[in-house]
Amino acid sequence: MNSIFGNIDDLFLFCTVVEEGSLLSASKRLQLPVSTMSRRLTALEERLSIRLLEKKGRELVATKDGEAAFAALSSGMESLHQGFSSLLEERDAIQGKIKLAVPHNFYSGFLRPTVEQYLTQYPNVQLNLILSQQQVVPETDRDLLITFQISDMDGMIARPLFKAKHGFFASQEYLDSRDEIKNPDDLEHQEWINVDDVFDIPLYKSDRLAQMVTIKPKFIVNDIYAVAAAAQKGLGIASLPFRHVSPEMNLIQVLPEYHRGDRQAYLVYKERKYQPKALTLLIDTLIESVQSFHHDELS
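Numbering (UniProt numbering), first residue to last: 1 to 299.
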């Protein structure tokens, strides 16, 4: 043997046995079987061609060569142990920078208390919160995104969060200004207010796809609250989550027997390998909080 490579574990075993004074005590400290330690120490002595340990009564003590080896190695082994412990502490530390991109209505609607509580609980975490409908694709292992659209997220992990149920709504003022909407085909001839650039909309009757309609938006605004406000002003029809529509808004549901279908929201991030502890905890916190919120909303 002319290199420490491949021998560091056995040298650490040797130093531990000298410190503990017996194989049994060392095995308890390292949580290794005595037989395994004995076999590895014997193999180490054979590779070195040096007798390192000998029995004196019930104790296992270092030989003269073993004492010299222990004196040369023990401080280095302690430094390695401390360095490795520091590495583990850094891995498990809840700290560092995280980026979370989420639509404004998600944050103001139900995420804000969860995020604030997380930052209070883990004061060494720095969060960069981006409130936007635009896709901010995760670039590092510290980036998170909440979105409905995952078609361009190849290689990412997409965890289901909740499903948003949508209906079609317009103001009485708008409906009075147009011909009566009697069937799905009539939707293609309406003014639409859209939150995104998806123009082909599926129409479901109960849980079955009835048909697709192609709409022509008059107004596209990337915030669901702004979409709802524009619908209230009579600018057109909007596809809105039912949870965003309240009686005081005076919106009329159009073709109530039809709906857009559930839209699945996802929490998206890069692969979990080597994921920082702070990010893991934020992911778990967000999933638990969002699912609890939507469960309570439906119960």
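Each residue gets a CB set at the ideal place from its N, CA and C atoms; glycine is no exception.
Here the structure is a predicted model, which is why all the values come from computation and not from measurement.
- In the structure shown, the three-state DSSP call for LEU175 is helix.
- Just measuring C-alpha positions, the residue of ALA170, GLN232, ILE94, GLY6 sitting nearest GLN275 is ILE94.
- Proximity of the region 218–226 to the region 147–161 falls short of the contact definition, fewer than three beta-carbon pairs being nearer than 8 Å.
- Across the set LEU52, THR36, ARG263, SER79, the C-alpha of LEU52 shows the shortest separation from the C-alpha of ALA68.
- The residues GLU191, TRP192, ILE193, LEU235, GLY236, in chain order, have a CB closer than 8 Å to that of LYS218 in the same chain once the five nearest residues on each side in sequence are set aside.
- Below 8 Å, too few C-beta pairs join the region 259–270 and the region 172–181 to call them touching: fewer than three.
- Boundaries of the alpha helix (DSSP H) harbouring THR120: 112–121, taken from the DSSP string.
- Judged by their CB atoms, THR214 and ASP196 are not nearer to each other than the 7 Å cut-off.
- A Cβ-Cβ separation of about 4 Å places ASN128 in contact with LYS99 under the 8 Å criterion.
- By the CB criterion at 7 Å, ASP65 and ARG40 fall outside the cutoff.
- Counting along the chain, MET37 sits inside the alpha helix (DSSP H) bounded by residues 34–48.
- Between the alpha carbons of PRO256 and GLU180 lies a gap of roughly 14 Å.
- The closest CA to that of ARG142, considering only PHE14, THR36, GLN126, is found on GLN126.
- DSSP, reduced to helix, strand and coil, places TYR274 outside both helices and strands of the structure shown, so it counts as coil.
- Just measuring C-alpha positions, the residue of TYR107, LEU48, SER22, GLN31 sitting nearest ILE8 is LEU48.
- For ASP200, DSSP records a beta bridge to THR214.
- Taking the CA atoms as reference points, VAL102 sits about 11 Å from VAL137.
- Beta bridge pairing from DSSP links ASP143 with LYS99.
- If you draw a straight line from the Cα of LEU13 to the Cα of LEU73, it comes to about 11 Å.
- Exclusion of the five residues before and after LEU80 leaves no residue of its chain whose Cβ lies closer than 6 Å to its Cβ.
- Within the model, the alpha-carbon separation for LYS182 versus ILE130 is close to 41 Å.
- If you ignore the 5 residues before and after LEU279, its C-beta comes within less than 8 Å of the C-beta of ILE98, ASP141, ARG142, LEU144, TYR269, all in its own chain and listed in chain order.
- By the Cβ-count criterion, PHE5 is exposed, with fewer than 16 other Cβ atoms from all chains shown falling within 10 Å of its own Cβ.
- Scanning its chain for C-beta atoms nearer than 8 Å, with the 5 sequence neighbours on each side dropped, one finds around ILE252 the residues PHE169, ALA170, SER171, GLN172, LEU175, in chain order.
- If you draw a straight line from the Cα of ARG208 to the Cα of GLU188, it comes to about 20 Å.
- For ALA62, the number of other beta carbons within 10 angstroms of its own is at least 16, and it is reported as buried.
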